[in-house]
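The block underneath contains the structure these notes are about, expressed in structure tokens.
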Amino acid sequence: MGQKTHPTGIRLGIIKTWNSKWFARKNYKELLHEDLMIQKHIKENLFHAGISKVEIERTGQKIKASIHTARPGIIIGKKGAEVEKLKKTLEKLTGKELSIDIKEVRKPELDAQLVAENIALQLEKRIAFRRAMKKS
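What follows is the structure, given as structure tokens:
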């Protein structure tokens, strides 16, 4: 019997890229946990904004987080107030300088993560599953 391969793992470096882009020699575990904490915090607090993915880049003591979202206006807020609030909470969690870059997903109906979240929200609202699948 053949073995199954992970669909994302087989495409990394060819079609897709990594979500975290950095290099570490000694404290790899701590940085990885920090990345996961940042991603979890962003996705939990901004779930309603339609976040597709969060990419993290590190250079020295600086962290750059790129948030791909269907609705960037919700994340930015009035005059950038929401972004600054998010930046301050993440800097407090990590203790490092952080910059946030927001990128808009032009066609959210073509992004698998956003379609799945949309269907999940519809099912939680008790909409018939066939109707939810056809609408998405």
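For any residue, its number in the working numbering is found by taking its place in the sequence shown, counting from 1, and adding 1463.
From the three backbone atoms N, C-alpha and C, an ideal C-beta is built for every residue, glycine too.
This one's a predicted model, so the numbers in the text were calculated from it and none came from an experiment.
Exercise. Would you mind stating whether Ser-1515 and Gln-1576 have Cβ atoms separated by less than 8 Å?
Key: Position 52 of the sequence shown, counted from the first residue, corresponds to residue 1515. Position 113 of the sequence shown, counted from the first residue, corresponds to residue 1576. In contact: Ser-1515 and Gln-1576 (Cβ atoms closer than 8 Å).
Going by DSSP in three states, Asp-1574 sits in which element: helix, strand or coil? By 1-based counting over the sequence shown, the position of residue 1574 is 111. Correct three-state label for Asp-1574: coil.
| Buried or exposed: which applies to Ile-1478, given that a residue is buried once 16 or more other Cβ atoms fall within 10 Å of its Cβ? | Your numbering for residue 1478 matches position 15 in the sequence shown. By the 10 Å Cβ count, Ile-1478 comes out exposed.
Using DSSP's beta-bridge definition, name the partner residues of Ala-1528. Against the sequence shown, residue 1528 aligns to sequence position 65. Answer is Ile-1519, Ile-1563.
Taking the straight line between their C-alpha atoms, what separation do you get for Glu-1554 and Leu-1561?
Taking the sequence shown and counting its residues from 1, the one referred to as residue 1554 is at position 91. Taking the sequence shown and counting its residues from 1, the one referred to as residue 1561 is at position 98. When rounded, the distance between both Cα atoms is 6 Å.
Notebook entry, point to check: Nearest-angstrom Cα distance between Lys-1544 and Arg-1593?
Noted result: By one-based count along the sequence shown, residue 1544 stands at place 81. By one-based count along the sequence shown, residue 1593 stands at place 130. Residue identity differs from the one stated: residue 1544 is Ala in this sequence, not Lys. Each residue's Cα considered, the two are about 40 Å apart.
| message | Give me, in chain order, the residues of the same chain whose beta-carbon lies closer than 6 Å to that of Ile-1505; leave out the 5 immediate sequence neighbours on both sides. | response | The count along the sequence shown starts at 1 and reaches residue 1505 at position 42. Contacts found: Val-1517.
Notebook entry, point to check: Does the pairing of the stretch 1519-1537 with the stretch 1490-1501 give three or more beta-carbon distances under 8 Å?
Noted result: yes
(message) My output table needs one value for Leu-1509: the three-state DSSP class, helix, strand or coil.
(response) For the purposes of this step, residue 1509 is taken as the residue at position 46 of the sequence shown. DSSP places Leu-1509 outside both helix and strand once states are collapsed to three, so it counts as coil.
**Message:** Going by DSSP, what residue range makes up the alpha helix (DSSP H) through Gly-1476?
**Reply:** By 1-based counting over the sequence shown, the position of residue 1476 is 13. Here Gly-1476 belongs to no alpha helix (DSSP H), and DSSP marks it neither H nor E.
For Ile-1582, does the three-state DSSP call read helix, strand or coil?
Counted from its first residue, the sequence shown places residue 1582 at position 119. DSSP, reduced to helix, strand and coil, places Ile-1582 within a helical segment of the structure shown.
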